[in-house]
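In the numbering used here, the protein residues as written are 193 to 234. Note that beta-carbon positions come from the ideal geometry of N, C-alpha and C, so glycine has one too.
See below:
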């Protein structure tokens with residue numbers, strides 16, 4: 193793909209702040225997912 197999800201949001205709304213918020217949300221989701229996976233290993 194040409195764009196990441198934060199890039200798409202930034203282009204869609206024409207806002208660097210929207211891009212930053214989307215990036216932070218994406219990172220938070222990834223961290224929550226990884227924590228759940230690691231807890232499943234224990």
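C-alpha gap between residue 214 and residue 231, whole angstroms
By one-based count along the chain shown, residue 214 stands at place 22. By one-based count along the chain shown, residue 231 stands at place 39. Straight-line Cα distance between these residues: approximately 26 Å.
If you count every other CB in all the chains shown that lies within 10 Å of the CB of residue 204, and 16 or more means buried, which is it?
For the purposes of this step, residue 204 is identified with residue 12 of the chain shown, where counting begins at 1. When all chains shown are included, residue 204 counts as exposed.
Taking the CB atoms as reference points, tell me whether residue 211 and residue 227 lie closer together than 8 Å.
In the chain shown, counting from the first residue as 1, residue 211 sits at position 19. In the chain shown, counting from the first residue as 1, residue 227 sits at position 35. In this structure, residue 227 does not lie closer than 8 Å to residue 211 by Cβ.
Limits of the unbroken alpha helix (DSSP H) element including residue 200:
Locating residue 200 in the chain shown gives position 8, where the first residue counts as 1. From DSSP, the alpha helix (DSSP H) with residue 200 extends over 197-205.
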